[in-house]
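I have placed the structure first, in the form of structure tokens, so that the comments after it can refer back to it.
Number of protein chains: 2
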Amino acid sequence: MRIKGLEHVAVVVADLHKVGSILRDAFGLVPDEVENVEKDRVQVMKFSLGNTDLELVTPTDEMSAVSRFIDKKGEGLHHICLAVEDIDEAMAELKEKGVVLIDQEPRLGATGCRVAFVHPKSVGGVLVELSEKREDNGE
Amino acid sequence: MRIKGLEHVAVVVADLHKVGSILRDAFGLVPDEVENVEKDRVQVMKFSLGNTDLELVTPTDEMSAVSRFIDKKGEGLHHICLAVEDIDEAMAELKEKGVVLIDQEPRLGATGCRVAFVHPKSVGGVLVELSEKREDNGE
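These protein sequence lines map, in sequence, to chains Y and H.
The first sequence begins at 1 in my numbering and counts up by one.
The second sequence begins at 1 in my numbering and counts up by one.
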């Protein structure tokens, strides 16, 4: 497979605006508008770091997977997202090599990308998202 | 302060070569030579992701801080490193804004950079390293 780069690093936080203010006021980072991702029951605040993005993710209700993550592990680094050229090819290759996938088929991500998650037990405890940018989403 | 980009994401693993093999054989990533960082009692295997680096870090003995991290939290994402233009200025600004620093002065990093760590309690549970590349280190 061809990895094009690190698309983003995601951080789970309990209070989006508290941590967002620190990144803005102390680190000088400028956030995009907060995005609601209803199907995952989260809000996302994205900051560009120049070469990649940092995403703050917070649950909108206690049924969110991210809410259970905070209960279990506390706030902190959650996953990394790798941009791939061809997600179907990437998933087939990983399966062939015995890597465990959480998603068996790509699903639609927040900005029209096709995404899938790899199980952390296959990658040294790191939750890895794969993301393929679609040609027709205007990006 | 001016953040120039994400320098690397660091992942703590118990078995460097096991996880390294997965990244190489399944994800198609090519590692640099393994580096011994004796003062931190760790070995580091670095992979370029194109726009930034992924570092696998493993303890060389049980006195390593990274060994205690594995005992407490298990393998997984450990810290992010932000490249800054001027680390003295960055640290002064963070202190002024009430952000808690682990290192009060920059120290020498593995590749001749000047580095300092910011306490996770100030940044949504994320351990953040700041790194200033030195002009005279040939990089």
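We put the CB at the ideal spot given by N, CA and C, even for glycine.
Problem set entry | Three-state secondary structure assigned by DSSP to Asp103 (chain Y) | coil
Exercise. With distances taken from CA atoms, which of H:Glu93, H:Leu101, H:Asp86, H:Ser131 is nearest Ala26 (chain Y)?
Worked result: H:Glu93
For this session: Report yes if the CB atom of Val100 (chain Y) is closer than 8 Å to the CB atom of Arg107 (chain Y), and no otherwise.
Result: no
For this session: Kindly list the residues whose CB is nearer than 8 Å to the CB of Cys141 (chain Y), restricted to its own chain and excluding five residues on each side of it in sequence; keep chain order.
Result: Any question about residue 141 (chain Y) goes unanswered here, given that chain Y covers just 1 to 139.
Exercise. Which residues, taken in chain order from the region 77–98 of chain H, show a beta carbon closer than 9 Å to some beta carbon of chain Y?
Worked result: Cβ proximity to chain Y below 9 Å picks out Leu77, His78, His79, Ile80, Leu82, Ala83, Ala90, Glu93, Leu94, Glu96, Lys97, Gly98 from the region 77–98 of chain H.
Problem set entry | Within 8 Å, strictly: CB atoms of Val19 (chain Y) and Val42 (chain H) | no
For this session: Going by CA-CA distance only, name the one from H:Leu77, H:Asn51, H:Gln104 that's closest to Ile87 (chain H).
Result: Ranking H:Leu77, H:Asn51, H:Gln104 by Cα distance to Ile87 (chain H) puts H:Gln104 first.
For this session: Measure from the alpha carbon of Val57 (chain H) to the alpha carbon of each residue in H:Gly50, H:Asn51, H:Ile70, H:Leu49, then state which is nearest.
Result: H:Ile70
Exercise. Rounded to a whole number of angstroms, what is the C-alpha to C-alpha distance between Gly109 (chain Y) and Lys133 (chain Y)?
Worked result: When rounded, the distance between both Cα atoms is 10 Å.
Exercise. At which residues does the beta strand (DSSP E) containing Met148 (chain Y) begin and terminate?
Worked result: This structure does not reach residue 148 (chain Y), given that chain Y is present from 1 up to 139, and the question cannot be answered.
Problem set entry | Contact with chain Y by Thr60 (chain H), beta-carbon distance below 8 Å | no
Problem set entry | Opening and closing residue of the beta strand (DSSP E) in which Phe117 (chain Y) lies | 114–118
Exercise. Just the Cα atoms here: how many angstroms apart are Lys95 (chain Y) and Ile22 (chain H)?
Worked result: 12 Å
For this session: Answer with buried or exposed for Ile102 (chain Y), where buried requires no fewer than 16 other C-beta atoms within 10 angstroms of its C-beta.
Result: Per the 10 Å Cβ criterion, exposed.
Problem set entry | Endpoints, the alpha helix (DSSP H) within which Asp71 (chain Y) is located | Looking at the DSSP string, the run of the alpha helix (DSSP H) that includes Asp71 (chain Y) is 65–73.
For this session: Have a look at Asn137 (chain H) and Lys39 (chain Y) and give me their C-alpha separation to the nearest angstrom.
Result: For Asn137 (chain H), the predicted structure reports a pLDDT of 44, less than 50, and the residue's modelled location is therefore unreliable. A value from the coordinates is still provided. Their backbone Cα atoms lie some 48 Å apart in a straight line.
Exercise. How would you label Met91 (chain H), buried or exposed, when you count the other beta carbons within 10 angstroms and need 16 or more for buried?
Worked result: By the Cβ neighbour-count rule, Met91 (chain H) is buried, with 16 or more other Cβ atoms within 10 Å of its own.
Exercise. Considering only the beta carbon of each residue, do Gly74 (chain H) and Gly74 (chain Y) sit closer than 8 Å?
Worked result: no
Exercise. If you check the beta carbons only, do Asn51 (chain Y) and Thr60 (chain H) fall under 8 Å apart?
Worked result: no
Exercise. What first and last residue would you give for the alpha helix (DSSP H) that runs through Leu23 (chain Y)?
Worked result: 16–25
Exercise. Quick one: what's Ser131 (chain Y) bridged to in DSSP?
Worked result: DSSP, once it has assigned bridges, lists Y:Ala83, Y:Val115 as partnering Ser131 (chain Y).
Exercise. Is the Cβ of Asn36 (chain Y) closer than 8 Å to any Cβ of chain H?
Worked result: Taking Cβ atoms only, chain H never reaches closer than 8 Å to Asn36 (chain Y), which makes this a no.
For this session: Tell whether a beta-carbon distance below 8 Å holds between Val12 (chain H) and Val66 (chain H).
Result: yes
Problem set entry | Element boundaries [beta strand (DSSP E), containing Gly125 (chain H)] | Here Gly125 (chain H) belongs to no beta strand (DSSP E), and DSSP marks it neither H nor E.
Problem set entry | 9 Å Cβ cut-off: residues of chain C touching Leu108 (chain Y) | Absent here is chain C; the protein component of the structure consists of chains Y and H.
Exercise. For the beta strand (DSSP E) that contains Met1 (chain H), what are its first and last residues?
Worked result: That residue, Met1 (chain H), is in no beta strand (DSSP E); it is neither H nor E in DSSP.
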